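Participant: Got a structure for you, written out below as structure tokens; questions coming shortly.
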Amino acid sequence: MEHFAALLDALVYTRSRNAKLKLLADYLRDTPDPDRGWALAALTDGLDFPAVKSSTIRNLLTERIDPVLWTLSREYVGDSAETASLLWPEPAEAPSPPTVSEAVDALSRMTRANVMVELPKLLDRLDANGRYALLKLATGAMRIGISARLAKTAFAQAFDVAVEDVEEHWHGQTPPYAPLFDWAAHGAEPPNSEDLPLFRPFMLAHGLEDTEVDLADYAAEWKWDGIRVQVVRAGGETRVYSRSGDDISATFPEVAEALHIDGVLDGELLVRGAHQGGEEGGAASFNALQQRLGRKTVSKKMREEYPAFVRLYDVLILEGQDLRPLPWNQRRAALEALLPRLPADQFDISTVIPAADFADLSAIRERARDDAIEGVMLKRRDSPYVAGRKTGLWYKWKRDPLLIDCVLMYAQRGSGKRSSFYSDYTFGCWDGDPDAGAELLPVGKAYFGFTDEELKWLDRHVRNHTVGRFGPVRETDKSLVFEVAFDSVHASKRHKSGVAMRFPRISRIRADKPAHEADRIETLRALIRD
Numbered sequence: 010m011e012h013f014a015a016l017l018d019a020l021v022y023t024r025s026r027n028a029k030l031k032l033l034a035d036y037l038r039d040t041p042d043p044d045r046g047w048a049l050a051a052l053t054d055g056l057d058f059p060a061v062k063s064s065t066i067r068n069l070l071t072e073r074i075d076p077v078l079w080t081l082s083r084e085y086v087g088d089s090a091e092t093a094s095l096l097w098p099e100p101a102e103a104p105s106p107p108t109v110s111e112a113v114d115a116l117s118r119m120t121r122a123n124v125m126v127e128l129p130k131l132l133d134r135l136d137a138n139g140r141y142a143l144l145k146l147a148t149g150a151m152r153i154g155i156s157a158r159l160a161k162t163a164f165a166q167a168f169d170v171a172v173e174d175v176e177e178h179w180h181g182q183t184p185p186y187a188p189l190f191d192w193a194a195h196g197a198e199p200p201n202s203e204d205l206p207l208f209r210p211f212m213l214a215h216g217l218e219d220t221e222v223d224l225a226d227y228a229a230e231w232k233w234d235g236i237r238v239q240v241v242r243a244g245g246e247t248r249v250y251s252r253s254g255d256d257i258s259a260t261f262p263e264v265a266e267a268l269h270i271d272g273v274l275d276g277e278l279l280v281r282g283a284h285q286g287g288e289e290g291g292a293a294s295f296n297a298l299q300q301r302l303g304r305k306t307v308s309k310k311m312r313e314e315y316p317a318f319v320r321l322y323d324v325l326i327l328e329g330q331d332l333r334p335l336p337w338n339q340r341r342a343a344l345e346a347l348l349p350r351l352p353a354d355q356f357d358i359s360t361v362i363p364a365a366d367f368a369d370l371s372a373i374r375e376r377a378r379d380d381a382i383e384g385v386m387l388k389r390r391d392s393p394y395v396a397g398r399k400t401g402l403w404y405k406w407k408r409d410p411l412l413i414d415c416v417l418m419y420a421q422r423g424s425g426k427r428s429s430f431y432s433d434y435t436f437g438c439w440d441g442d443p444d445a446g447a448e449l450l451p452v453g454k455a456y457f458g459f460t461d462e463e464l465k466w467l468d469r470h471v472r473n474h475t476v477g478r479f480g481p482v483r484e485t486d487k488s489l490v491f492e493v494a495f496d497s498v499h500a501s502k503r504h505k506s507g508v509a510m511r512f513p514r515i516s517r518i519r520a521d522k523p524a525h526e527a528d529r530i531e532t533l534r535a536l537i538r539d
């Protein structure tokens, strides 16, 4: 546990990507099994300990110290695990830290009935750094700037194997990944996964910025506004995976039940309707799809009201043949030939946009917002299907964002490296004429879109313009205007304003603009296309 704690401590204070890679690679290379496997799982969100929640940490500490001291300390530090690790009483005797494997075993055996007794036993065996590492491990809230992709890249670097091979063999393995380490570190045979319905890494696109492409070399498709999924069938089983590799088959059983041909299909999960692309598009808005996302079980009524289907983009594997090395145009031909064999209620195909040239495509793209489509995809006709983003192969050309002026209302400290700054902002619009006494109603929250220097300025503004406090939240004096960019807006019964913005982010800080000149909620309501 000491080495894992030292790793986390070093990663927290390291900004350079290459330096983080080296720290991770050295740890994975030098740490024995199974500790390194459990650590890797923790860094890639592969562990779950249901008995330990963030509220557990708070309850443990408030049993031992004044609750007000905990609240003030948590607000000052900005991270529950770090606060608890610093406030926890030091053991009377020299600590005898558990290994990562021992800690995982103990955490796995904890229940809600005994966690308040068993977790302190582990904490008492650790120093402050070890307690911090244990609590991060237990809650799964690392927030140290390590993505799953970065961890896999470090694994590849540690053992001098291709990261694409790591991605290919990763899925289907469970912590502590013994077969994966045997293959990479000891030269064993790669884990066998041919007869399992496993997730394969998606091919991703770069944004198209100030670039034109020749449509003789690139095919154009609509970028539909749903969620990217992979439908996989092997060994008599079918799985539906999200972009992050999560199994969502239970949420969309009609899709999983519909594929009876062995293969791996790439597409956009949508709900039937007439919102996107007009009647020809046949897809409802993303807001309709959201009604089904995140549900562990789906009722018959829900399936009838929001019938799901997949608009296919690509085919990776078909009846035992790996098509990924083939160029896009050959995979596309295979997909078109496959389509008649698939149930039409659950599968259709994303059509190629018939544009004469790039200027023509640009004009067609202008329809994207009116048709409620997210944008356009450009795929090089000779591109193989490769994991991740490869320069020059695929581009996404999203529709331009909508903009609105909002007033900063509330702010809260961030997490991780932003825990010392007020970086999470709630903003609102006027519910009527501000000169006639209209009130501001919250319409969204954002925590990105600004530079580090702007964050420092905003943090000072929040501290100097606070007029109220509600726990960790500060209310400001409603004097600062943000230009907020967002993708779309939907009606919402959950919000007092009646609207919910999709992907809001700070576009500009309008310190020059008086708050009473910010936009009204009616402007947002006029943009609703549900």
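Counting from 1 along the sequence shown, just add 9 to a position and that's the residue number in the working numbering.
Positions of the beta carbon are idealized from the N, C-alpha and C atoms, including for glycine.
Every value quoted in this text rests on a predicted model; they were computed, and no experiment measured them.
#1: Within a Cβ cutoff of 6 Å, which residues of the same chain sit near residue 515, ignoring the five residues on either side of it in sequence?
#2: Considering only the alpha carbon of each residue, which of 209, 266 and 235 lies closest to residue 253?
#3: Starting from the C-beta of residue 162, find all residues in its chain whose C-beta is less than 7 Å away, skip the five residues before and the five after it, and write them out in chain order.
#4: Taking the Cβ atom as the reference point for each residue, do residue 298 and residue 394 lie within a distance shorter than 9 Å?
#5: Roughly how many angstroms lie between the CA atoms of residue 379 and residue 239, to the nearest whole one?
#6: Going by Cα to Cα distance, which pick from 177, 502, 418 and 517 is closest to residue 483?
#7: State whether the segment 210-217 contacts the segment 394-413, with contact taken as three or more CB pairs (one from each stretch) at a distance under 8 Å.
#8: Closer than 8 Å is the cut-off here; do at least three beta carbon pairs connect the segment 447-454 with the segment 382-401?
#9: Below 8 Å on the Cβ atoms is my contact criterion, and I expect residue 2 with residue 139 to pass it. Report the Cβ-Cβ distance as a whole number of Å.
#10: Whose C-alpha, out of 314, 117, 132 and 318, is nearest the C-alpha of residue 275?
#11: If I follow the unbroken beta strand (DSSP E) through residue 97, where does it start and stop?
#12: Residue 412: which of 158, 368 and 512 sits nearest, CA to CA?
#13: Given a threshold of 16 other Cβ atoms within 10 Å of its Cβ, counted over all protein chains shown, does residue 388 qualify as buried or as exposed?
#14: Any beta carbon from chain C within less than 9 Å of residue 251's own beta carbon?
#15: What residues are listed by DSSP as bridge partners for residue 494?
#16: Whole beta strand (DSSP E) runs in the segment 327-411 with 3 or more residues, listed along the chain?
#17: Please determine, among 75, 357, 207 and 13, the residue with the shortest C-alpha to C-alpha distance to residue 272.
#18: Report the residue from 14, 480, 247 and 494 whose alpha carbon sits nearest the alpha carbon of residue 76.
#19: Cβ atoms of residue 193 and residue 175: under 9 Å apart, would you say?
#20: Cα-Cα, which of 343, 322 and 496 is closest to residue 331?
#21: Nearest to residue 485 by alpha carbon, out of 497, 510, 451 and 504?
#22: If you compare alpha carbons, which of 264, 472 and 401 is closest to residue 352?
#23: Quick check: the segment 108-117 against the segment 52-64, are there 3 or more CB pairs under 8 Å?
#24: Quick check on residue 91: buried or exposed, where buried means 16 or more other Cβ atoms within 10 Å of its Cβ?
#25: When DSSP builds the beta bridges, which residues end up paired with residue 485?
#26: Is it true that the CB of residue 49 sits closer than 9 Å to the CB of residue 164?
#27: Are residue 199 and residue 43 closer than 9 Å when you measure CB to CB?
#28: Rank 429, 414, 424 and 430 by C-alpha distance to the C-alpha of residue 488 and give the top, closest one.
#29: Nearest-angstrom Cα distance between residue 428 and residue 350?
#30: Return the bridge partner residues of residue 48 from the DSSP annotation.
#31: Please list, in chain order, all residues of the same chain as residue 52 whose beta carbon is under 6 Å from its beta carbon, the five residues on each side excluded.
#32: Which residue wins for smallest C-alpha separation from residue 284, given the options 296, 528 and 230?
#33: Going straight from the alpha carbon of residue 266 to that of residue 506, what length do you get?
#34: For residue 518 and residue 463, which I take to be in contact (beta-carbon distance under 8 Å), what is that distance rounded to the nearest angstrom?
#35: If you reduce the DSSP assignment to three classes, tell me which class residue 176 lands in.
#36: Quick check on residue 453: buried or exposed, where buried means 16 or more other Cβ atoms within 10 Å of its Cβ?
Facilitator: Short version:
#1: 455, 458, 459 and 491
#2: 209
#3: 30 and 172
#4: no
#5: 28 Å
#6: 418
#7: yes
#8: no
#9: Nothing can be reported for residue 2: it is not among the residues displayed for the chain, which extend from 10 to 539.
#10: 318
#11: That residue, residue 97, is in no beta strand (DSSP E); it is neither H nor E in DSSP.
#12: 512
#13: buried
#14: Although the question refers to chain C, the structure presented lacks it and comprises just one protein chain.
#15: 412 and 514
#16: 356-358, 384-389 and 403-407
#17: 207
#18: 480
#19: yes
#20: 343
#21: 451
#22: 264
#23: yes
#24: buried
#25: 475
#26: yes
#27: no
#28: 414
#29: 53 Å
#30: DSSP, once it has assigned bridges, lists no residue as partnering residue 48.
#31: 155 and 160
#32: 296
#33: 40 Å
#34: 6 Å
#35: helix
#36: buried
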